[in-house]
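Undergrad:
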Amino acid sequence: MTAANDEKVPLPSVGFTFNLKRSKSEREAEFDSIDTIKAIEKVLTESGYEVTLLEVSEELPQKLLSKHFDIIFNIAEGENGRSREAQVPALLDFLNLKFTGSDATTLCICLDKALTKHVVLSHNIKTPAFQVVYDRDYKLESKLHFPLIVKPNAEGSSKGISSLSIVKNKRELRRLVTTLFETYTQPLLIEEFIDGREFTVGILGNGDDVKVMRPMEIEFLQKKGHNIYDYSVKQDFIGKIEYTCPPKMKPENERLMMETAKKIYNVLGCRDLARVDFRMSPTKGLQFIEINPLPGLAPGYSDMPMIAEKNGIGYAELVTSVIKIATERYLGDAV
Ligand SMILES: Nc1ncnc2c1ncn2[C@@H]1O[C@H](COP(=O)(O)OP(=O)(O)O)[C@@H](O)[C@H]1O
Ligand SMILES: [Mg+2]
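Have a look at this one:
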């Protein structure tokens, strides 16, 4: 950064918006730990940016107006409802501030898994057959075949998903739907369970410069029953999961996965970075599960830094790339 060599040029000023995890409550499950905040702040500071921490609170609008920011590095998860991830980006656009990552529209759609599936389906991308149920009075559509997986339609971080989420018959389904509606006051997504290998693909960039990283396989070591990559597995993955990148697969299948990930990223209007989850079924082929346009950036834990690392992009490079990519996007005026 040349600014460090020239005292007259102020350092680029970065506001860093985030929701801090202050407790282990489920409400804060998607929030970021102080370690993640400090790790990102350290990278940005060491890369020559002047960083202001902006924890999300009711005072955020005033804080954003209190000084000049060249750009906002946004990882805020927001609060309440399926628009929560979009709240801070919407505010930033309202205040005409530049920020990293996708805008409110993309974040709103992608947090709603069913809505996202409708969009990708309209582009002929395969995704498991599904039905959304709004209350306990549902009728299972005949197109759905057991086993099925049931998840809250607008959650992340595996909230509401565990090995108990897979059901083999209508009785089990009814029981699970009842339990989930007792916990989550939101529609549920019933989806065909894809018994196959699981992959996640990291993407960085915009327009012609989109860089799709080689996929990382989330390999289940205990191949019994129906494996899913849920919170408890991720917390305690040793002996259960192998993260393999590049994955052992036919080059044409890997190419298809990377091209499909890029197509999904573009049709949903993602910006700067995202992570796309897939399953590959021996009978049904490549199936899109979900996209995370606000992927976790916890060093040594979140999948996005792990994929980047395995693709030769260290943590500091990942974080600084995001800010550079966003800055270039505004310069190029590519929305
Ligand atoms: N239709 C499906 N078939 C097979 N496994 C699934 C399906 N949907 C979700 N899973 C499993 O559950 C995990 C979490 O589901 P996902 O929709 O990605 O939710 P989250 O937003 O919590 O990451 C996936 O990584 C996968 O292991
Ligand atoms: Mg996921």
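Each step along the sequence shown adds one to the number in numbering that gives the first Met the number 0, with nothing skipped, and position 154 is 153. Note that the Cβ used here is the ideal one computed from N, Cα and C, for glycine as well.
Do you know offhand how far L59's Cα is from N152's?
TA: Locating residue 59 in the sequence shown gives position 60, counting from the first residue. Locating residue 152 in the sequence shown gives position 153, counting from the first residue. When rounded, the distance between both Cα atoms is 28 Å.
Undergrad: Are T115 and I290 touching if we call contact CB-CB under 8 Å?
TA: The residue labelled residue 115 in the question sits at position 116 within the sequence shown. The residue labelled residue 290 in the question sits at position 291 within the sequence shown. Result yes, Cβ atoms of T115 and I290 sit closer than 8 Å.
Undergrad: Along the chain, where does the alpha helix (DSSP H) containing T259 start, and where does it finish?
TA: Reading the sequence shown from its first residue, position 260 is the one you call residue 259. Here the alpha helix (DSSP H) through T259 covers 250-266.
Undergrad: Excluding sequence positions up to five away, which residues of its chain have a Cβ less than 7 Å from the Cβ of S65?
TA: In the sequence shown, counting from the first residue as 1, residue 65 sits at position 66. So the list is empty, once near-sequence residues are dropped.
Undergrad: For L187, which three-state DSSP category applies?
TA: On the sequence shown, position 188 is the one that residue 187 refers to. In this structure, L187 counts as strand in the three-state DSSP scheme.
Undergrad: To the nearest angstrom, how far is it from the Cα of R363 to the Cα of S280?
TA: A question about residue 363 goes unanswered here, because the residues of the chain that appear run from 0 up to 334.
Undergrad: Tell me the residue span of the beta strand (DSSP E) that contains K150.
TA: For this step, residue 150 is matched to residue 151 along the sequence shown. 147-151 is the extent of the beta strand (DSSP E) around K150.
Undergrad: Any heavy atom of ligand 1 closer than 7 Å to the CB of R196?
TA: Looking up residue 196 in the sequence shown gives position 197. Checking every heavy atom of ligand 1 against the Cβ of R196, none is found closer than 7 Å.
Undergrad: On the criterion of 16 or more Cβ atoms from any shown chain inside 10 Å, does Q86 qualify as buried, or is it exposed?
TA: As a working note, residue 86 is residue 87 in the sequence shown. The residue in question, Q86, is buried, as its Cβ has 16 or more Cβ neighbours within 10 Å.
Undergrad: Contact defined as beta carbons within less than 8 Å: I believe T51 pairs with G14. What is the distance between those atoms, to the nearest angstrom?
TA: One-based indexing of the sequence shown puts residue 51 at position 52. One-based indexing of the sequence shown puts residue 14 at position 15. The Cβ separation is near 5 Å, so the contact holds.
Undergrad: I'd like to know whether the C-beta atoms of E241 and E258 end up nearer to each other than 8 Å.
TA: Translated into positions along the sequence shown, residue 241 becomes position 242. Translated into positions along the sequence shown, residue 258 becomes position 259. It is not a contact, given that the beta carbons lie outside the stated cut-off.
Undergrad: Select from S320, S301, K323 the residue whose C-alpha is nearest the C-alpha of S32.
TA: Within the sequence shown, numbered from 1, the residue matching residue 32 stands at position 33. Ranking S320, S301, K323 by Cα distance to S32 puts S301 first.
Undergrad: Just tell me which of V8, L106, S157 has its CA closest to the CA of A28.
TA: Reading the sequence shown from its first residue, position 29 is the one you call residue 28. Nearest of V8, L106, S157 to A28, Cα basis: S157.
Undergrad: Just to confirm, are I108 and L293 a CB contact at a threshold of 8 Å?
TA: Residue 108 sits at position 109 when you count from the first residue of the sequence shown. Residue 293 sits at position 294 when you count from the first residue of the sequence shown. In this structure, L293 does not lie closer than 8 Å to I108 by Cβ.
Undergrad: Looking only at C-alpha atoms, which of K247, R26, P146 sits nearest to I227?
TA: Taking the sequence shown and counting its residues from 1, one reaches residue 227 at position 228. Considering only alpha carbons, the answer is P146.
Undergrad: What residues in its chain sit with their C-beta under 7 Å from that of L255, if we drop five residues either side in the sequence?
TA: As a first step, residue 255 is located in the sequence shown; it is residue number 256 there, counting from the start. Cβ neighbours of L255 beyond the five flanking positions: L285.
Undergrad: Using CA coordinates, which residue listed in K283, R270, I312, S56 is at the minimum distance from E327?
TA: Mapped onto the sequence shown, residue 327 falls at position 328. Considering only alpha carbons, the answer is R270.
Undergrad: Once you ignore the five residues that flank H225 on each side, which residues in its own chain have a CB closer than 7 Å to its CB?
TA: Here residue 225 corresponds to residue number 226 of the sequence shown, with the count starting at 1. So the list reads P146, I165, F192, D194, once near-sequence residues are dropped.
Undergrad: Would N18 pass as a contact of V55 if the rule is Cβ separation under 8 Å?
TA: Taking the first residue of the sequence shown as 1, we reach residue 18 at position 19. Taking the first residue of the sequence shown as 1, we reach residue 55 at position 56. It is a contact, given that the beta carbons lie within the stated cut-off.
Undergrad: Report, in whole angstroms, the separation of the C-beta atoms of V200 and V275, which I expect to be a contact under 8 Å.
TA: Here residue 200 is taken as the residue at index 201 of the sequence shown, counted from 1. Here residue 275 is taken as the residue at index 276 of the sequence shown, counted from 1. 5 Å between Cβ atoms; contact.
Undergrad: Which runs of the beta strand (DSSP E) at least 3 residues long sit entirely within the region 88-164? Give them in chain order.
TA: Qualifying beta strand (DSSP E) stretches, in chain order: 129-132, 147-151.
Undergrad: Contact defined as beta carbons within less than 8 Å: I believe D229 pairs with S162. What is the distance between those atoms, to the nearest angstrom?
TA: Taking the first residue of the sequence shown as 1, we reach residue 229 at position 230. Taking the first residue of the sequence shown as 1, we reach residue 162 at position 163. Contact flag correct, Cβ pair sits at about 7 Å.
Undergrad: Does the Cβ of E25 lie closer than 7 Å to at least one heavy atom of ligand 2?
TA: If you number the sequence shown from 1, residue 25 lands on position 26. E25 Cβ: outside cutoff for every heavy atom of ligand 2.
Undergrad: Could you tell me the boundaries of the beta strand (DSSP E) in which L203 lies?
TA: Taking the first residue of the sequence shown as 1, we reach residue 203 at position 204. Counting along the chain, the beta strand (DSSP E) containing L203 begins and ends at 196-203.
Undergrad: Near ligand 2, which residues have their beta-carbon less than 6 Å from any of its heavy atoms, given in chain order?
TA: Going along the chain, the residues that qualify are D276, E289.
Undergrad: Let me check you understand the geometry: is the CB of P127 closer than 7 Å to at least one non-hydrogen atom of ligand 1?
TA: For this step, residue 127 is matched to residue 128 along the sequence shown. At least one heavy atom of ligand 1 is nearer than 7 Å to the Cβ of P127, so yes.
Undergrad: Roughly how many angstroms separate the alpha carbons of Q185 and K150, rounded to a whole number?
TA: Translated into the one-based positions of the sequence shown, residue 185 becomes position 186. Translated into the one-based positions of the sequence shown, residue 150 becomes position 151. Distance between the alpha carbons of Q185 and K150 is about 10 Å.
Undergrad: Under DSSP, the beta strand (DSSP E) around R274 begins and ends at which residues?
TA: Within the sequence shown, numbered from 1, the residue matching residue 274 stands at position 275. 272-280 is the span of the beta strand (DSSP E), which, as asked, contains R274.
Undergrad: Using the Cβ count rule (16 or more neighbours within 10 Å means buried), how would you classify Y329?
TA: Locating residue 329 in the sequence shown gives position 330, where the first residue counts as 1. The residue in question, Y329, is exposed, as its Cβ has fewer than 16 Cβ neighbours within 10 Å.
Undergrad: Which of the three DSSP states, helix, strand or coil, is assigned to E316?
TA: Taking the first residue of the sequence shown as position 1, residue 316 is located at position 317. DSSP places E316 in helix when its eight states are reduced to three.
Undergrad: Quick check: what's the CA-CA separation for P245 versus S121?
TA: In the sequence shown, counting from the first residue as 1, residue 245 sits at position 246. In the sequence shown, counting from the first residue as 1, residue 121 sits at position 122. About 30 Å.
Undergrad: From the DSSP secondary-structure annotation, give me the bridge partner or partners of E289.
TA: By 1-based counting over the sequence shown, the position of residue 289 is 290. Per DSSP, D276.
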